[in-house]
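Quick note on numbering: the sequence shown equals residues -23 to -1, 1 to 283 in mature numbering (1 follows the signal peptide of the UniProt record, and there is no 0).
Ideal placement from N, C-alpha and C gives every residue a C-beta, glycine not left out.
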Amino acid sequence: MMRKTLRNLTALCCTVIACNVQAELLMKWQRLPLPIDLQVEKERVILVDKNVKVGYPKALEGKIRLQSTGGAVYLKALEPFPTARLQFKDVLTNEIILLDVTAKEKVVNPQETIRLIYEGKLENQSGSLNQDEEATEENLPASPQLPVPAALTRYAAQMLYAPLRTVEPAPGIRRIAHGLPSKITTLLPAYPVTATPLMSWQLGDYVVTAVRLQNRGTSRLELDPRELQGRFYAATFQHHWLGRFGSTEDTTTLYLVTEGRPNQAIIPESKKYVPPKKVKRTKIVVKKVIEQTRSATAEEAQNESQ
């Protein structure tokens, strides 16, 4: 009897353990939207392993419940809806991961956990290497890292000009407020251009600021970094010339790398001098005029009497 009871308990424990162990579906992020199916009223967990903010279209308002905490995102469809795109934005790097989510009445394995992996982790988890392959992997030379100013400049150029899905992740880079005026007149005083600061990103002690330059003149301009006024660690033009004002080539972007905040490297805007208002002062000399008049009258009377 005791042995039978032990066998039953063992079988029950094994059943409970088997029920608690759930397989994870591995999905590799390769700059293409990842398809996710949700079953209505069934919560699905997405393990992102990043601190992310979740963005969704207004059309999903009231149709889906979203929660993000501890590197995991919890999705629960409240009613069926067609494919809609969600955005997971990495708080640290501003990288965006795209998911195409569809809610259905019935889905296979609706509560299967999905784990997102990045940059070659899929191959390491799903395959095995022999000793020769491991040795070859270790003997490969490490890819050289870009200096921080160059990495910042490349990241800023990609954020402004490249499609979002092609932007390379850059751990540690974060967007900051540049603290500059809406127009900078002291940056290129020798050129008839309008300089408008756009955005700034920081990595370590360095900051890159993207500045839009627009030619206001009627002739083509050749841009020379030696004409820049300010204290900059590096400066790069997206294009080295500007077309005349009104043409499709009259605008480009300048990337300024500074050590510290950019508003401390730019020459401050000069304040327009306003002279003080002159106050007209009127002196009233009544007493003296009356005395002079009386004296003159007395002299005239004396002359007449003589």
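Endpoints, alpha helix (DSSP H) assigned at Arg131
On the sequence shown, residue 131 is found 154 positions in, with the first residue counted as 1. Where Arg131 is concerned, the enclosing alpha helix (DSSP H) stretches over 125 to 138.
Mind checking which residues open and close the beta strand (DSSP E) that includes Asn192?
If you number the sequence shown from 1, residue 192 lands on position 215. Element bounds for Asn192: 183 to 192.
If you reduce the DSSP assignment to three classes, tell me which class Ala81 lands in.
Looking up residue 81 in the sequence shown gives position 104. For clarity, residue 81 is Lys in the given sequence; the question names Ala instead. For Lys81, the three-state secondary structure derived from DSSP is strand.
Three-pair Cβ contact test at 8 Å for the region 30 to 44 versus the region 1 to 11:
no
In chain order, what residues of the same chain lie with their CB nearer than 8 Å to the CB of Gly181, ignoring the 5 residues before and after it?
Along the sequence shown, read from residue 1 onward, the residue named residue 181 stands at position 204. Result list for Gly181: Val125, Gly149, in chain order.
What are the residues that DSSP puts in a beta bridge with residue 320?
Because the chain here runs from -23 to 283, residue 320 falls outside it and cannot be looked at.
Alpha carbons only, please: which of Pro158, Gln215, Ser177, Glu199 is nearest the one belonging to Arg238?
Translated into the one-based positions of the sequence shown, residue 238 becomes position 261. For the residues Pro158, Gln215, Ser177, Glu199, the minimum Cα distance to Arg238 belongs to Ser177.
If I measure Cβ to Cβ from His217 and keep anything under 8 Å in the same chain, skipping five residues before and after, which residues do I get?
Start at 1 with the first residue of the sequence shown, and residue 217 comes out as number 240. Contacts found: Glu199, Leu200.
So what's Leu200 in DSSP terms, helix, strand or just coil?
Counting from 1 along the sequence shown, the entry for residue 200 is found at position 223. In this structure, Leu200 counts as coil in the three-state DSSP scheme.
For Gln135 and Glu226, what's the separation of their Cα atoms in angstroms?
On the sequence shown, residue 135 is found 158 positions in, with the first residue counted as 1. On the sequence shown, residue 226 is found 249 positions in, with the first residue counted as 1. Inter-residue distance for Gln135 and Glu226 is about 19 Å (C-alpha atoms, whole angstroms).
CB-CB under 7 Å to Leu37, same chain, minus the five flanking residues each way: which ones, in chain order?
Within the sequence shown, numbered from 1, the residue matching residue 37 stands at position 60. Phe58, Ala61.
Using a 10 Å radius around the Cβ and a threshold of 16 neighbouring Cβ atoms, would you call Lys160 buried or exposed?
Taking the sequence shown and counting its residues from 1, the one referred to as residue 160 is at position 183. Per the 10 Å Cβ criterion, exposed.
Look at the alpha carbon of Leu52 and the alpha carbon of Ser45, and state the distance between them as a whole number of angstroms.
In the sequence shown, counting from the first residue as 1, residue 52 sits at position 75. In the sequence shown, counting from the first residue as 1, residue 45 sits at position 68. Leu52 and Ser45 have their C-alpha atoms spaced approximately 9 Å apart.
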